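What follows is a set of notes on a single structure, which appears directly below.
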Amino acid sequence: MKKIVVGLFLVFLIFIFVSPLNAQEKTEGNLVLKDENLILLEVELNNLGLKDEFLTAYRFNETVLLPIGQLLAFLELPFKIIPEQGLVEGFIWEEAEKYSLNLNQGIAISNGREFSLNKYKTEVDWDDIYLETELISEWLPFSLELDLFRATLTVETEKPLPIQEKIDRRYRWDRLSNRTGRAERPIYPAVENPYSLFNGPFVDHRLYFSGDSTPRHYTNLAGDIFYLNGRLFISGPLDDPLEDVSGRLGRRSPDPDLLGPLNAHEFWLGDLSQSAVSDISSWESVQGISVSSYPYSRSRDFYSHSLEGELPENWEVELYDNGNLIDYQTSNEEERYRFENIPISYGINEFTLVFYDEFGRKYEEVKKIRVDSTLIPPGENRYQFEIGSDDQDQNRISVEFSRGINPNLSLVTNYVRLPISDQTEDFLRLGLRTSLSQIYLEANYLNALDGGQGAELGFSTDLSGTRINLTHAEFDDYRSETVSNLNRRTSLDLRRNFPFLSNSSLGVRLDLTREENYNGDILTEVYN
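Structure below.
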């Protein structure tokens, strides 16, 4: 009995002394995230203001705690914040560079380096985790400078963050400034890469999560099957992963040795993009077949070219011509990019497509187009045949035939059948292309077989470092998929690079288009 009484007395003493201590610790922990400790900070990145809203921080004694989730959102960094687990993790430039912080374990990992959180103050709220500024500077690869007098938090970085590169892109897009210089690159002999019975597939799979929409996936598969190259693209929300499925089979060869006597460079079956024909048709996605004897690294228009491809949601793409930024696009509903009428100079033209995904990571794709003084070698023929049905199950046919008449003259003909206003119409185009020294000339005659005709003249040259493209077209009761109620059209495109600073150049472009309709209305557009 005496032992029981002593035991109860000890329990009573423990309860008296320990409970107030726990209550005191809990109270002190809650004292930090109080309204009276709230301070609002403006966030600057290398002295550039980021947001119109303020960062909600707390000051307790000499310590300032910052909401890491809100700060990382301001910096547009792909981090995951789980307050109930005391967990923060993500990456900045590459997924292999991991940054994580675990309050329960009391450790932080900074790109492979681990350190303890014992000496740092942290607090957890229901929607965010609060860290003191010294901890953030120790953990992440940038420094923080807090100015309570100005109520500003300045983030200083040595290596640009993805958001800084995004801001730079917006600046380039506004000014279309250019960086020049094509380095001399060695030309290596071609290496055979034969097709296989089965090889692959190579899989590129991406998952995209957003707080206000259903997660989506994008999957690209490419490989050889039955000695053909197969490409399959699948995308959709996770609850309907096969929402969009497209694919094609075919072959490409740098030599015209495909399909026997057809001497084709490439052929494809499946989901295709039917080529545009100037003043007749535009690019169109079809299901069908395409056969071409044109070298696929060579432009069919001597002064312009078109590039297109896939551009997933929240992606951006920039187009560089020999190192100079000439255009850009952001993802659209079709999730495709399309650059049309890209001017081409003589020799080897190098176009670089620079892609940026939703996390700011950069991917580059280089396309080279060769334009010689003779577009088609004398006595040689080139053709392209495309037939397919669009998403309205309407048939579209496009046929092109070219022949080199002599070293300075080529003949180009087109036949196009396409639906216009719920009826099928046929078009012909006859064209001549010639080169006179450094001047390229083109003449085209258009005929709508159901009535209407048109003609176009154009030339392109480089004069004292200025690229000049001039075209003039006349139409007589002519209408097509791209021309309607138009009497005449004149276009002038001037482009020039000026030296800027030490290793840069400034690109200037003037694009003037004047259109006159049948009713006499005149539309003049100037683009600079």
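With the numbering used here, letter number 377 in the sequence shown gets 358, and the count goes up by one each step, no holes. No residue lacks a Cβ here, since even glycine has one placed at the ideal position from N, Cα and C. All of these numbers come straight from a predicted model, not from anything done at the bench.
Local Cβ density within 10 Å of residue i, reported as buried at 16 or more and exposed below that
{"i": "residue 491", "result": "exposed"}
{"i": "residue 454", "result": "buried"}
{"i": "residue 126", "result": "exposed"}
{"i": "residue 10", "result": "With a pLDDT of 47 at residue 10, under the threshold of 50, the modelled position of that residue is not reliable, and the figure given next carries that caveat. Burial call: exposed."}
{"i": "residue 48", "result": "buried"}
{"i": "residue 377", "result": "buried"}
{"i": "residue 510", "result": "Nothing about residue 510 can be reported from this structure: the residues present for the chain run from -18 to 509 only."}
{"i": "residue 120", "result": "buried"}
{"i": "residue 405", "result": "exposed"}
{"i": "residue 474", "result": "buried"}
{"i": "residue 51", "result": "buried"}
{"i": "residue 143", "result": "buried"}
{"i": "residue 249", "result": "buried"}
{"i": "residue 260", "result": "buried"}
{"i": "residue 2", "result": "With a pLDDT of only 34 at residue 2, under the threshold of 50, the placement of this residue in the model should not be trusted; the figure read from the coordinates follows. Exposed is the call here."}
{"i": "residue 337", "result": "buried"}
{"i": "residue 109", "result": "buried"}
{"i": "residue 362", "result": "exposed"}
{"i": "residue 69", "result": "buried"}
{"i": "residue 231", "result": "buried"}
{"i": "residue 488", "result": "buried"}
{"i": "residue 508", "result": "exposed"}
{"i": "residue 256", "result": "buried"}
Alpha carbon of residue i to alpha carbon of residue j, nearest angstrom
{"i": "residue 61", "j": "residue 90", "result": "14 Å"}
{"i": "residue 440", "j": "residue 472", "result": "11 Å"}
{"i": "residue 460", "j": "residue 466", "result": "7 Å"}
{"i": "residue 314", "j": "residue 15", "result": "46 Å"}
{"i": "residue 191", "j": "residue 209", "result": "37 Å"}
{"i": "residue 201", "j": "residue 296", "result": "16 Å"}
{"i": "residue 195", "j": "residue 463", "result": "37 Å"}
{"i": "residue 204", "j": "residue 182", "result": "4 Å"}
{"i": "residue 428", "j": "residue 27", "result": "60 Å"}
{"i": "residue 262", "j": "residue 316", "result": "21 Å"}
{"i": "residue 447", "j": "residue 504", "result": "26 Å"}
{"i": "residue 152", "j": "residue 387", "result": "47 Å"}
{"i": "residue 348", "j": "residue 332", "result": "5 Å"}
{"i": "residue 289", "j": "residue 212", "result": "16 Å"}
{"i": "residue 452", "j": "residue 393", "result": "17 Å"}
{"i": "residue 292", "j": "residue 189", "result": "14 Å"}
{"i": "residue 385", "j": "residue 425", "result": "16 Å"}
{"i": "residue 321", "j": "residue 401", "result": "22 Å"}
{"i": "residue 158", "j": "residue 493", "result": "Its pLDDT being 47, under 50, residue 158 is placed unreliably by the model, and nothing is read from it."}
{"i": "residue 180", "j": "residue 207", "result": "9 Å"}
{"i": "residue 139", "j": "residue 122", "result": "8 Å"}
{"i": "residue 375", "j": "residue 399", "result": "8 Å"}
{"i": "residue 18", "j": "residue 41", "result": "6 Å"}
{"i": "residue 243", "j": "residue 482", "result": "53 Å"}
{"i": "residue 55", "j": "residue 344", "result": "24 Å"}
{"i": "residue 35", "j": "residue 94", "result": "31 Å"}
{"i": "residue 178", "j": "residue 364", "result": "29 Å"}
{"i": "residue 456", "j": "residue 383", "result": "24 Å"}
{"i": "residue 145", "j": "residue 156", "result": "17 Å"}
{"i": "residue 31", "j": "residue 136", "result": "10 Å"}
Spatial neighbours of residue i in its chain, beta-carbon cut-off 8 Å, leaving aside the 5 residues before and after
{"i": "residue 246", "result": "233, 234, 235, 236, 237, 239, 273, 274, 275, 276, 277"}
{"i": "residue 0", "result": "Residue placement at residue 0 is poorly supported in this model, since its pLDDT is 38, which falls under 50; the coordinates still yield a value, given next. For residue 0, where only same-chain residues beyond five positions count, there are no Cβ hits under 8 Å."}
{"i": "residue 98", "result": "82, 84, 87, 88, 89, 116"}
Presumed contact (8 Å Cβ cut-off) between residue i and residue j, rounded CB distance
{"i": "residue 71", "j": "residue 105", "result": "Incorrect: roughly 18 Å between the Cβ atoms, too far for contact."}
{"i": "residue 287", "j": "residue 323", "result": "7 Å"}
{"i": "residue 301", "j": "residue 258", "result": "So it is not a contact: roughly 27 Å between Cβ atoms."}
{"i": "residue 39", "j": "residue 101", "result": "Actually they are not in contact, since the Cβ atoms of residue 39 and residue 101 sit about 15 Å apart, beyond 8 Å."}
{"i": "residue 470", "j": "residue 496", "result": "5 Å"}
{"i": "residue 423", "j": "residue 435", "result": "Incorrect: roughly 14 Å between the Cβ atoms, too far for contact."}
{"i": "residue 197", "j": "residue 218", "result": "5 Å"}
{"i": "residue 269", "j": "residue 147", "result": "With 8 Å as the limit, residue 269 and residue 147 do not qualify as a contact, their Cβ atoms being about 39 Å apart."}
{"i": "residue 227", "j": "residue 252", "result": "4 Å"}
Same chain, Cβ closer than 6 Å to residue i, neighbours up to 5 away in sequence not counted
{"i": "residue 216", "result": "199, 225"}
{"i": "residue 346", "result": "334"}
{"i": "residue 476", "result": "448, 490"}
{"i": "residue 113", "result": "44, 46, 101, 102"}
{"i": "residue 395", "result": "258, 381, 410"}
{"i": "residue 366", "result": "272, 380"}
{"i": "residue 407", "result": "398, 430"}
7 Å Cβ shell around residue i - same chain, five flanking residues per side excluded
{"i": "residue 520", "result": "With the chain running from -18 to 509 in the structure shown, residue 520 is simply not present."}
{"i": "residue 223", "result": "215, 217"}
Every unbroken alpha helix (DSSP H) inside the stretch 163 to 241 [4 residues or more]: Listed in chain order, nothing qualifies, since the stretch 163 to 241 has no complete alpha helix (DSSP H) run of 4 or more residues.
Complete runs of the beta strand (DSSP E) confined to the stretch 105 to 140 [at least 3 residues]: 110 to 113, 124 to 128, 133 to 137
3-residue-minimum beta strand (DSSP E) runs that sit fully inside the stretch 239 to 313, ordered along the chain: 247 to 255, 265 to 273, 285 to 291, 297 to 302, 305 to 311
Whole beta strand (DSSP E) elements within the stretch 412 to 497, 3-residue minimum: Uninterrupted beta strand (DSSP E) stretches at least 3 residues long and entirely within the stretch 412 to 497 occur at 420 to 429, 434 to 444, 447 to 457, 467 to 481, given in chain order.
Residue ranges of each beta strand (DSSP E) within the stretch 69 to 101, 3 or longer: 80 to 83, 88 to 91, 94 to 97
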